[in-house]
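All the letters of the sequence shown, read from the start, carry residue numbers -30 to -1, 1 to 93 under mature numbering (1 follows the signal peptide of the UniProt record, and there is no 0).
Before any comments, here is the structure.
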Amino acid sequence: MSYSRILSSFVMAWLVSAAQSAVVAPSASAASCPDVEVIFARGTHEPPGAGKTGQAFVDALRPQLGERSLEVYTVDYPASDQWATGADGIRDAAARVVSIATSCPRTKTVLGGTRKEPRWQAS
């Protein structure tokens, strides 16, 4: 199994765990919650926003939702080729998952992102 897949699995497990441990209680602003929220991390060196792949994903998802409302949250991180900056994105995405689970418990959350294929693999 590649190092990248192992790390991706660990990050996803951590995000799910963080979201499940959040206290889920409707807030007064629950009426303003979207039906679906996409949390997307853009690709390396792309400017802030969803990026080319993220925008294509959102554009493909919208027609499938019918009348349901959709909001997009773009992960706030440097999106550089420096490995350590990925942790900034993990923290931001995790905080958003917990925030939306707490303030909008009925909102369906979709996590997505763009990544490079690994240049090497662990044995």
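Ideal Cβ placement from N, Cα and C applies to all residues, glycine included.
Straight-line Cα distance separating residue j from residue i
i, j, result
"V45", "V28", "14 Å"
"T23", "A54", "22 Å"
"K78", "Q52", "31 Å"
"G36", "C3", "17 Å"
"T14", "A71", "28 Å"
"I60", "A26", "22 Å"
"D62", "R12", "13 Å"
Residue nearest to residue i in terms of C-alpha spacing, selected from the options
i, options, result
"L81", "P4, F10, V6, C3", "F10"
"Q34", "C74, T72, D5, A65", "D5"
"A20", "C3, E41, G36", "E41"
Proximal residues to residue i (C-beta, below 7 Å), its chain only, five neighbours per side dropped
i, result
"P18", "T44"
"P48", "T55, D58"
"R38", "D5, V6"
"S69", "none"
Close beta carbons around residue i, own chain, < 8 Å, minus the five adjacent residues each side
i, result
"E16", "K22, A49, T84"
Supposed close pair residue i, residue j - CB separation, criterion 8 Å
i, j, result
"V8", "L31", "7 Å"
Contact set for residue i: own chain, Cβ-Cβ below 6 Å, skip 5 residues either direction
i, result
"C74", "C3"
"R76", "none"
DSSP beta-bridge partners of residue i
i, result
"L81", "I9"
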